[in-house]
Ligand code: KG4
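In full-length UniProt numbering, the protein residues as written are 1 to 340.
Pasting the structure below:
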């Protein structure tokens with residue numbers, strides 16, 4: 001039987017990525033991150049689009065080269081259609097369309113959030129790989145989303161809870177910014193928290209029903225604490241940086257895990273996974289392992305490389321869709337928001 005070889009293209013935010021997957025096994029996953037945004041304290045959409053434009057062709061060439069695959073061997077092109085920054089998505093979408101037309105290949109459109117969840121199915125060809133069995137719960141936490149997803153099949157996912165305001169990553173990034181840490185702040189908070197006391201400060205936790213999240217109250221509570229303490233001691237942040245990071249991180253992890261535990265117990269699901277950029281967080285990873293032992297869950301934590309934006313997750317989703325002849329037309333346009 002012929003192999004199925006998918007080229008995946010990801011350009012939804014500030015990472016230009018291309019990956020090649022053969023029969024579910026990753027052959028390459030090339031990511032060009034954009035340093036241009038660091039000095040602005042956040043992603044500047046126009047700069048992101050321009051950087052994608054510069055990066056996309058070299059990144060695709062590199063992905064094919066590392067995979068040892070010729071263009072003529074590809075079975076289909078999968079690309080991120082949304083959600084994300086529209087200008088960024090347009091670069092990847094237009095490239096994918098042009099490449100597919102030139103090579104006379106089918107096109108597969110991929111939902112970025114669905115791809116984060118399906119990243120758990122990327123094989124790296126290792127013998128000890130584990131994959132969640134359907135149905136499972138996935139905590140999807142990134143800079144733009146905080147959701148609990150009930151995953152019934154590769155193409156049947158139900159969002160049973162989500163943030164009603166800020167995402168968990170956004171809360172990390174915004175609080176990091178007021179402490180003077182570079183963007184994105186999540187990884188810096190994670191690093192500094194390792195030396196801090198998670199019980200040093202307490203912050204408001206949201207009281208909202210169901211499986212939904214809210215992080216804007218925590219952000220405000222954090223800002224007010226800093227404002228009041230800085231009045232008493234202008235060096236408060238510098239002197240308490242590790243404890244502030246540890247306490248903030250512990251609160252975010254607590255909020256995330258409590259709702260997940262509630263969902264798992266009420267729906268009686270023991271297969272529990274985490275995905276998205278914030279799943280790189282070491283305290284969240286540890287909490288997953290601890291909850292797994294305590295509540296008898298089978299936990300699935302992705303390798304670091306598949307937590308943040310990457311094209312391997314787009315290619316694996318494309319692979320599933322390819323197997324079901326789930327292709328898209330050349331007229332398909334990107335969407336910025338899930339509701340578009
Ligand atoms: O999924 P992702 O790469 O991209 C988008 O949301 O577009 O997630 C990025 C988010 C950022 O908010 C970043 O601060 C957060 O993931 N993040 C982390 C860590 N690594 C990345 N947050 C906490 N701890 C980390 N180690």
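For glycine and all other residues, C-beta sits at the position ideal for the given N, C-alpha and C.
Inset, instruction - Look at the alpha carbon of residue 120 and the alpha carbon of residue 307, and state the distance between them as a whole number of angstroms. - result: For the purposes of this step, residue 120 is taken as the residue at position 120 of the chain shown. For the purposes of this step, residue 307 is taken as the residue at position 307 of the chain shown. Distance between the alpha carbons of residue 120 and residue 307 is about 10 angstroms.
Inset, instruction - Using 6 angstroms as the cut-off, classify the Cβ of residue 280 as near or not near the heavy atoms of the ligand KG4, replying yes or no. - result: On the chain shown, position 280 is the one that residue 280 refers to. Because some heavy atom of the ligand KG4 lies under 6 angstroms away, the Cβ of residue 280 counts as near it: yes.
Legend entry - Cβ shell of residue 292 (< 8 angstroms), same chain only, five flanking positions each side left out: Working through the chain shown from its first residue, we reach residue 292 at position 292. So the list reads 272, 298, 299, once near-sequence residues are dropped.
Inset, instruction - Look at the Cβ atom of residue 224, then the Cβ atom of residue 160, and state whether they are nearer than 7 angstroms. - result: For the purposes of this step, residue 224 is identified with residue 224 of the chain shown, where counting begins at 1. For the purposes of this step, residue 160 is identified with residue 160 of the chain shown, where counting begins at 1. Cβ atoms of residue 224 and residue 160: not closer than 7 angstroms.
Legend entry - Straight-line Cα distance separating residue 80 from residue 89: Counting from one through the chain shown, the residue named residue 89 turns up at place 89. Counting from one through the chain shown, the residue named residue 80 turns up at place 80. Spanning the two alpha carbons is a distance of roughly 7 angstroms.
Legend entry - Three CB pairs or more closer than 8 angstroms across the segment 308 to 317 and the segment 19 to 26: yes
Legend entry - First and last residue of the uninterrupted beta strand (DSSP E) at residue 158: For the purposes of this step, residue 158 is taken as residue 158 along the chain shown, with counting starting at 1. Looking at the DSSP string, the run of the beta strand (DSSP E) that includes residue 158 is 156 to 162.
Legend entry - Selected residue, minimal CA-CA separation from residue 331, among 50, 100, 296, 59: Stepping through the chain shown from its first residue, residue 331 is reached at position 331. The shortest Cα separation from residue 331 among 50, 100, 296, 59 belongs to 100.
Inset, instruction - State the Cα-Cα distance for the pair residue 264 and residue 137, rounded to the nearest angstrom. - result: Along the chain shown, read from residue 1 onward, the residue named residue 264 stands at position 264. Along the chain shown, read from residue 1 onward, the residue named residue 137 stands at position 137. Computed Cα separation, rounded: 7 angstroms.
Legend entry - Candidates 326, 8, 82, 173, of which the one nearest residue 64 by Cα: For the purposes of this step, residue 64 is identified with residue 64 of the chain shown, where counting begins at 1. Ranking 326, 8, 82, 173 by Cα distance to residue 64 puts 8 first.
Legend entry - Run of the beta strand (DSSP E) containing residue 26, from where it starts to where it stops: On the chain shown, position 26 is the one that residue 26 refers to. Unbroken beta strand (DSSP E) run through residue 26: 25 to 33.
Inset, instruction - Could you please give the first and the last residue of the uninterrupted alpha helix (DSSP H) stretch that includes residue 348? - result: The structure shown has nothing for residue 348, since the chain only spans 1 to 340.
Legend entry - First through last residue of the alpha helix (DSSP H) which encompasses residue 146: Stepping through the chain shown from its first residue, residue 146 is reached at position 146. From DSSP, residue 146 is part of no alpha helix (DSSP H) but of the beta strand (DSSP E) over 146 to 153.
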